[in-house]
Amino acid sequence: MKLLTQEIEEKLPKLYSQDNVADPICHIKFFTPDAGWTWFICSGEKQEDGDWLFFSKVVS
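The structure is reproduced here in structure tokens:
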């Protein structure tokens, strides 16, 4: 299952681009129903190895 589509990758703000925003927008929601954790992704950047580094709000 692909969690990040090309469209989402293109629209996701770069890391630190919302640092001075009083109420940053979360663009992606990831969750694990078995563990009760939810990640609200605000920004991110693809790393050289293909992984992603995100800034997010996490709720447990």
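Under the numbering used here, the first residue of the sequence shown carries the number 54, and numbering increases by one thereafter. Just so it is clear, CB atoms sit at the ideal spot from N, CA and C, and this is done for glycine as well.
For residue i, which three-state DSSP category applies?
| i | result |
| --- | --- |
| residue 98 | strand |
| residue 64 | helix |
State buried or exposed for residue i, treating a residue as buried only when at least 16 other CB atoms are found within 10 Å of its CB.
| i | result |
| --- | --- |
| residue 152 | With the chain covering only 54 through 113, there is no way to say anything about residue 152. |
Between the Cα of residue i and the Cα atoms of the options, which residue gives the shortest distance?
| i | options | result |
| --- | --- | --- |
| residue 54 | 108, 83 and 95 | 83 |
| residue 106 | 69, 89 and 112 | 69 |
| residue 89 | 59, 62, 112 and 60 | 112 |
| residue 73 | 95, 104 and 101 | 95 |
| residue 110 | 81, 67, 86 and 63 | 81 |
Suppose you measure from the CA of residue i to the CA of residue j; what does that come to, to the nearest Å?
| i | j | result |
| --- | --- | --- |
| residue 65 | residue 79 | 9 Å |
| residue 61 | residue 99 | 12 Å |
Excluding the 5 residues preceding and the 5 following residue i in the sequence, name in chain order all residues of the same chain whose CB lies nearer than 7 Å to its CB.
| i | result |
| --- | --- |
| residue 93 | 79, 82, 109 and 110 |
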